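Student:
Residue numbers (our numbering): 1275 to 1451.
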(Lines of atoms letter the chains of each structure in order from A and count residues from 1; the text may use other names and numbers.)
(Lines give C-alpha, C1' and ligand atoms only; values in the text may rest on other atoms or scores of the structure.)
Protein backbone atom coordinates (compact mmCIF):
# COMPACT_ATOMS: atom_id res chain seq x y z
CA UNK A 1 0.00 0.00 0.00
CA UNK A 2 1.22 3.47 -0.83
CA UNK A 3 -0.07 4.95 2.45
CA UNK A 4 1.87 2.32 4.37
CA UNK A 5 5.02 3.28 2.42
CA UNK A 6 4.56 6.97 3.30
CA UNK A 7 4.08 6.24 6.98
CA UNK A 8 6.96 3.75 7.13
CA UNK A 9 9.32 6.71 6.88
CA UNK A 10 7.51 9.18 9.13
CA UNK A 11 9.40 11.01 11.82
CA UNK A 12 7.09 13.18 13.92
CA UNK A 13 7.86 15.79 16.54
CA UNK A 14 4.98 16.08 19.00
CA UNK A 15 4.99 19.23 21.13
CA UNK A 16 2.50 18.45 23.86
CA UNK A 17 2.76 19.57 27.46
CA UNK A 18 0.36 17.04 28.99
CA UNK A 19 1.75 13.48 28.99
CA UNK A 20 -1.73 11.90 28.94
CA UNK A 21 -2.63 13.83 25.77
CA UNK A 22 0.69 12.87 24.21
CA UNK A 23 0.00 9.20 24.96
CA UNK A 24 -3.42 9.40 23.30
CA UNK A 25 -1.97 11.07 20.20
CA UNK A 26 0.87 8.56 19.99
CA UNK A 27 -1.66 5.72 20.29
CA UNK A 28 -3.63 7.24 17.40
CA UNK A 29 -0.43 7.53 15.36
CA UNK A 30 0.31 3.87 16.05
CA UNK A 31 -3.23 3.10 14.84
CA UNK A 32 -2.24 4.52 11.44
CA UNK A 33 0.36 1.90 10.75
CA UNK A 34 1.69 -1.17 12.48
CA UNK A 35 5.14 -0.70 10.96
CA UNK A 36 7.91 0.11 13.43
CA UNK A 37 9.39 2.84 11.22
CA UNK A 38 7.01 5.53 12.41
CA UNK A 39 8.95 7.45 15.02
CA UNK A 40 7.46 10.01 17.40
CA UNK A 41 9.61 12.28 19.51
CA UNK A 42 7.58 13.89 22.29
CA UNK A 43 8.70 17.13 23.93
CA UNK A 44 6.68 19.16 26.46
CA UNK A 45 7.61 22.70 25.37
CA UNK A 46 8.52 24.93 22.44
CA UNK A 47 11.95 25.51 23.98
CA UNK A 48 12.69 21.77 23.94
CA UNK A 49 11.19 21.46 20.47
CA UNK A 50 13.48 24.17 19.14
CA UNK A 51 16.50 22.43 20.68
CA UNK A 52 15.39 19.15 19.08
CA UNK A 53 14.91 20.83 15.69
CA UNK A 54 18.52 22.00 15.73
CA UNK A 55 19.77 18.43 15.68
CA UNK A 56 17.05 16.46 13.86
CA UNK A 57 14.82 16.71 10.79
CA UNK A 58 11.15 15.72 10.93
CA UNK A 59 8.51 14.78 8.37
CA UNK A 60 5.85 16.71 10.28
CA UNK A 61 5.41 18.57 13.54
CA UNK A 62 2.31 18.34 15.74
CA UNK A 63 2.05 21.47 17.88
CA UNK A 64 -0.32 21.80 20.83
CA UNK A 65 -1.67 25.35 20.94
CA UNK A 66 -2.38 25.24 24.68
CA UNK A 67 1.19 25.26 25.96
CA UNK A 68 1.88 27.22 29.13
CA UNK A 69 5.29 28.53 28.04
CA UNK A 70 4.10 30.61 25.04
CA UNK A 71 0.94 31.93 23.38
CA UNK A 72 -0.19 29.85 20.38
CA UNK A 73 0.82 32.23 17.57
CA UNK A 74 4.20 32.98 19.13
CA UNK A 75 4.86 29.26 19.57
CA UNK A 76 4.03 28.60 15.91
CA UNK A 77 6.21 31.50 14.74
CA UNK A 78 9.22 30.32 16.75
CA UNK A 79 8.82 26.75 15.56
CA UNK A 80 8.63 27.84 11.93
CA UNK A 81 11.79 29.93 12.27
CA UNK A 82 13.65 26.74 13.19
CA UNK A 83 12.07 24.60 10.49
CA UNK A 84 10.42 26.56 7.67
CA UNK A 85 10.13 23.54 5.37
CA UNK A 86 8.52 21.16 7.88
CA UNK A 87 4.72 21.08 7.83
CA UNK A 88 3.14 22.05 11.14
CA UNK A 89 -0.24 20.72 12.23
CA UNK A 90 -1.73 22.52 15.20
CA UNK A 91 -3.74 20.78 17.91
CA UNK A 92 -6.32 22.62 20.01
CA UNK A 93 -8.68 21.68 22.81
CA UNK A 94 -11.60 23.62 21.33
CA UNK A 95 -12.89 24.90 18.02
CA UNK A 96 -11.85 28.55 17.96
CA UNK A 97 -12.50 30.07 14.54
CA UNK A 98 -10.36 33.15 15.19
CA UNK A 99 -7.39 31.11 16.38
CA UNK A 100 -7.73 28.55 13.59
CA UNK A 101 -7.76 31.31 10.99
CA UNK A 102 -4.75 33.00 12.60
CA UNK A 103 -2.60 29.85 12.72
CA UNK A 104 -3.43 28.94 9.13
CA UNK A 105 -2.53 32.48 8.02
CA UNK A 106 0.77 32.14 9.93
CA UNK A 107 1.64 29.02 7.96
CA UNK A 108 0.24 26.03 9.84
CA UNK A 109 -0.98 23.32 7.48
CA UNK A 110 -4.00 22.43 9.57
CA UNK A 111 -5.90 23.04 12.82
CA UNK A 112 -7.24 19.94 14.55
CA UNK A 113 -9.38 19.61 17.65
CA UNK A 114 -7.95 16.95 19.96
CA UNK A 115 -11.35 15.63 21.09
CA UNK A 116 -12.29 14.89 17.45
CA UNK A 117 -8.97 13.28 16.60
CA UNK A 118 -8.88 9.70 15.33
CA UNK A 119 -6.18 7.64 13.69
CA UNK A 120 -7.67 7.94 10.18
CA UNK A 121 -8.19 11.71 10.53
CA UNK A 122 -4.63 12.13 11.77
CA UNK A 123 -3.32 9.92 8.96
CA UNK A 124 -5.13 11.89 6.27
CA UNK A 125 -4.17 15.24 7.80
CA UNK A 126 -0.49 14.32 8.02
CA UNK A 127 -0.44 13.03 4.45
CA UNK A 128 -2.16 16.16 3.12
CA UNK A 129 0.00 18.49 5.21
CA UNK A 130 3.18 16.95 3.85
CA UNK A 131 1.92 17.19 0.26
CA UNK A 132 0.69 20.78 0.68
CA UNK A 133 4.02 21.85 2.14
CA UNK A 134 5.90 20.17 -0.75
CA UNK A 135 3.64 21.98 -3.24
CA UNK A 136 4.16 25.30 -1.45
CA UNK A 137 7.94 24.86 -1.56
CA UNK A 138 7.79 23.95 -5.28
CA UNK A 139 5.59 26.96 -6.05
CA UNK A 140 7.87 29.28 -4.08
CA UNK A 141 10.90 28.00 -6.01
CA UNK A 142 9.09 28.35 -9.35
CA UNK A 143 8.03 31.89 -8.41
CA UNK A 144 11.63 32.81 -7.53
CA UNK A 145 12.81 31.38 -10.85
CA UNK A 146 10.12 33.30 -12.71
CA UNK A 147 11.09 36.55 -10.96
CA UNK A 148 14.76 35.97 -11.82
CA UNK A 149 13.82 35.35 -15.46
CA UNK A 150 11.65 38.49 -15.57
CA UNK A 151 14.48 40.56 -14.08
CA UNK A 152 16.98 39.19 -16.63
CA UNK A 153 14.57 39.72 -19.51
CA UNK A 154 13.84 43.24 -18.35
CA UNK A 155 17.54 44.00 -18.14
CA UNK A 156 18.21 42.49 -21.56
CA UNK A 157 15.42 44.56 -23.14
CA UNK A 158 16.57 47.84 -21.56
CA UNK A 159 19.90 47.86 -23.46
CA UNK A 160 18.40 47.82 -27.00
CA UNK A 161 15.79 50.40 -25.99
CA UNK A 162 18.54 52.64 -24.65
CA UNK A 163 20.40 52.31 -27.95
CA UNK A 164 17.23 53.14 -29.92
CA UNK A 165 16.67 56.21 -27.73
CA UNK A 166 20.24 57.42 -28.20
CA UNK A 167 20.14 56.91 -31.99
CA UNK A 168 16.74 58.64 -32.15
CA UNK A 169 18.13 61.65 -30.29
CA UNK A 170 21.10 61.83 -32.68
CA UNK A 171 18.79 61.58 -35.71
CA UNK A 172 16.53 64.33 -34.31
CA UNK A 173 19.51 66.58 -33.62
CA UNK A 174 20.89 66.01 -37.12
CA UNK A 175 17.51 66.42 -38.78
CA UNK A 176 16.80 69.55 -36.82
CA UNK A 177 19.94 71.29 -38.09
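For glycine and all other residues, C-beta sits at the position ideal for the given N, C-alpha and C. From a predicted model like this one, the values you see are computed outputs, not experimental measurements.
Which runs of the alpha helix (DSSP H) at least 4 residues long sit entirely within the stretch 1361-1396? Give them in chain order.
Tutor: Entirely contained in the stretch 1361-1396, the alpha helix (DSSP H) runs reaching 4 residues are, in chain order, 1371-1379.
Student: Count the other CB atoms, across all protein chains shown, that sit within 10 Å of the CB of residue 1423; report buried if there are 16 or more and exposed otherwise.
Tutor: Burial call: exposed.
Student: Quick check on residue 1292: does DSSP put it in helix, strand or coil?
Tutor: Residue state, collapsed to three classes: coil.
Student: Nearest-angstrom Cα distance between residue 1380 and residue 1347?
Tutor: About 8 Å.
Student: Could you name the residues that DSSP lists as bridge partners for residue 1320?
Tutor: The partner list for residue 1320 (beta bridge, DSSP) is empty, contrary to what the question assumes.
Student: Just to confirm, is the Cβ distance from residue 1336 to residue 1299 under 8 Å?
Tutor: Contact flag set, yes.
Student: Using only the alpha-carbon positions, how far apart do residue 1433 and residue 1425 sit?
Tutor: Spanning the two alpha carbons is a distance of roughly 13 Å.
Student: In this structure, how does DSSP classify residue 1315 when only helix, strand and coil are distinguished?
Tutor: In this structure, residue 1315 counts as strand in the three-state DSSP scheme.
Student: Note down, in chain order, each residue of its chain lying with its Cβ closer than 7 Å to the Cβ of residue 1396, except the 5 sequence neighbours on either side.
Tutor: For residue 1396, where only same-chain residues beyond five positions count, the Cβ hits under 7 Å are 1302, 1303, 1306.
Student: Short of 8 Å in beta carbon distance, which residues of its chain neighbour residue 1321, apart from the five on each side in sequence? Order them along the chain.
Tutor: Once the five neighbours on either side are set aside, the close Cβ partners of residue 1321 are 1343.
Student: Note down, one range per segment and in chain order, each beta strand (DSSP E) of at least 3 residues found wholly within the stretch 1317-1359.
Tutor: Segments of the beta strand (DSSP E) lying fully in the stretch 1317-1359: 1334-1338.
Student: Take the Cβ of residue 1403 as the centre, count every other Cβ of all protein chains shown within 10 Å, and call the residue buried at 16 or more, exposed below.
Tutor: By the 10 Å Cβ count, residue 1403 comes out buried.
Student: How about the stretch 1359-1379 and the stretch 1403-1420: do they share at least three Cβ pairs that are nearer than 8 Å?
Tutor: The stretch 1359-1379, when compared against the stretch 1403-1420, does touch it at the 8 Å Cβ threshold.
Student: Based on DSSP bridge pairs, tell me the residues matched to residue 1415.
Tutor: DSSP, once it has assigned bridges, lists no residue as partnering residue 1415.
Student: Residue 1286: buried (16+ other C-beta within 10 angstroms of its C-beta) or exposed?
Tutor: Counting Cβ neighbours within 10 Å, residue 1286 comes out buried, since at least 16 surround it.
Student: Count the other CB atoms, across all protein chains shown, that sit within 10 Å of the CB of residue 1325; report buried if there are 16 or more and exposed otherwise.
Tutor: That one is exposed.
Student: Does the separation of the CB atoms of residue 1288 and residue 1314 fall below 8 Å?
Tutor: Taking 8 Å as the Cβ cut-off, residue 1288 and residue 1314 qualify as a contacting pair.
Student: In angstroms, rounded to a whole number, what distance separates the CA positions of residue 1292 and residue 1428?
Tutor: Going from the Cα of residue 1292 to the Cα of residue 1428 covers about 56 Å.
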